[in-house]
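Residue 907 in the working numbering is what sits at position 98 of the sequence shown, and the numbering runs on without skipping anything. Ideal placement from N, C-alpha and C gives every residue a C-beta, glycine not left out. Notes follow once the structure below has been shown.
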Amino acid sequence: GGFMSLTTKQIPGTSFAEAMKARDRILDTVDVLIDKFMSENPEDSERAQITIMGRLIYGKDKDNNRVMTRDEMKDNILNLIFAGHDTTYASISTLLYHLSENKDAMDALATEVSTL
């Protein structure tokens with residue numbers, strides 16, 4: 810799984826090869842985090858049942874009761890990390906733009922926040 814390339818060979822020193830090395834380091838870190846989570850949170854624990862990490866590690870397909878492979882888990886965690894970053898950024902930027910263009914909405918939000 811993971812990223813695709815038009816060539817199966819990585820040319821040393823290229824940006825692509827460096828990016829793939831960085832991806833491998835990230836995946837190694839994710840491997841350690843999965844192992845740590847599993848050792849601290851057995852499948853029947855509350856944390857395993859209610860967290861995204863627990864659901865990824867222990868979750869089973871409803872149709873065939875299959876769990877994800879280790880590579881599928883790691884790919885999904887990478888997607889959550891990087892896709893989540895982009896969507897959060899885009900959402901907050903859009904929100905701030907529209908608030909700056911709509912004084913009534915900005916005032917209503919400021920009033921609501923001041924009551925917290």
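- The Cβ-Cβ distance between methionine 847 and isoleucine 866 falls below 8 angstroms.
- If you draw a 10 Å sphere on the C-beta of glycine 863, you find 16 or more other C-beta atoms in it, and that means buried.
- Lysine 845 carries a helical assignment under DSSP once its states are collapsed to helix, strand and coil.
- Comparing alpha carbon positions, the residue from Lys912, Gly868, Asp880 and Leu905 closest to arginine 832 is Asp880.
- Excluding the 5 residues flanking it on each side, asparagine 885 has same chain C-beta neighbours closer than 8 angstroms at Leu865 and Met877, in chain order.
- Between glutamate 852 and the set Thr838, Thr903 and Lys869, the nearest pair of CA atoms involves Lys869.
- Secondary structure of lysine 871 (DSSP, three-state): coil.
- For glutamine 819, no alpha helix (DSSP H) segment is defined, and its DSSP state is neither H nor E.
- Cα atoms of alanine 899 and phenylalanine 825: separation of roughly 26 angstroms, rounded to the nearest angstrom.
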